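With numbering that gives the first Met the number 0 as the guide, the letters of the sequence shown map in order to residues 0 to 152.
For glycine and all other residues, C-beta sits at the position ideal for the given N, C-alpha and C.
Since we're looking at a predicted model, the values are computed, not measured.
The structure under discussion appears below in the form of structure tokens.
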Amino acid sequence: MIEINHLTKKFDQFTAVDDLSFTVSEGEVLGFLGPNGAGKSTTMKVITGFLAPTSGSVKIDGYDITTSPIEAKSLIGYLPEGAPSYGDMTTLDFLRFIAEVRGYRGDDIQKRVDHVVREVDLAAVLHQTIDTLSKGFKRRVGLAQAIMHDPKV
């Protein structure tokens with residue numbers, strides 16, 4: 000499902016990720032542990048296509064993140080630590096917006112929104128603006144947007 004082969008990411012002369020290789024099979028769970036500056040966040044940014052690798056490859060279900068980014072990214076649900084959101088929007092409006100961005104139309108928008116609201120238990124805050132939510136609920140809204148399109152990864 001995820002194949003990382005000889006991944007290296009450099010920033011000028013600084014090597015953030017050095018010749019990393021691993022595979023994550025379907026259904027497998029993997030965590031990155033390490034001290035600050037070990038390359039965990041950089042690795043995730045390369046895997047998700049936010050940064051280009053200096054060398055090596057990243058494949059998501061066979062799609063190379065560099066040569067087939069649309070196909071690869073469509074399979075990923077990702078919630079970075081500092082996930083952007085629209086604080087002046089209500090939770091419901093934001094999730095509807097994300098559903099539209101993800102290509103849902105008509106009745107399917109509300110079906111997907113209803114599904115993720117149940118999955119992450121957001122019913123109590125649907126009509127509140129995101130800026131007024133607790134940190135925990137903001138993370139749930141972020142998680143809801145990350146799983147809106149039912150990603151494989």
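> Which whole runs of the alpha helix (DSSP H) in the stretch 51-88 are 4 residues long or more, in chain order?
Replying inline: 68-72
> Taking K9 as the reference, which of S54, K110, S73, Y103 has the closest Cα?
Replying inline: The sequence position of residue 9 within the sequence shown is 10, counting from 1. Among S54, K110, S73, Y103, the Cα nearest to that of K9 is on S54.
>> Mapping the DSSP letters down to three states, classify A183 as helix, strand or coil.
In response: Because the chain here runs from 0 to 152, residue 183 falls outside it and cannot be looked at.
>> Considering only the alpha carbon of each residue, which of A15, H114, H126 lies closest to N35?
In response: As a position in the sequence shown, residue 35 is number 36, starting the count at 1. Out of A15, H114, H126, A15 has the C-alpha closest to the C-alpha of N35.
> Is it right to say T90 is buried, meaning 16 or more other beta carbons lie within 10 angstroms of its own, or is it exposed?
Replying inline: As a working mapping, residue 90 is identified with position 91 in the sequence shown. T90 should be labelled buried.
> Leaving out five residues before and five after L78 in sequence, what residues of the same chain have Cβ atoms less than 6 Å from its Cβ?
Replying inline: Locating residue 78 in the sequence shown gives position 79, counting from the first residue. Answer for L78: G141, L142, A145, listed in chain order.
> beta strand (DSSP E) containing Y2: first to last residue?
Replying inline: Within the sequence shown, numbered from 1, the residue matching residue 2 stands at position 3. Checking the displayed sequence, the identity of residue 2 turns out to be Glu instead of Tyr. Its beta strand (DSSP E) spans residues 1-10.
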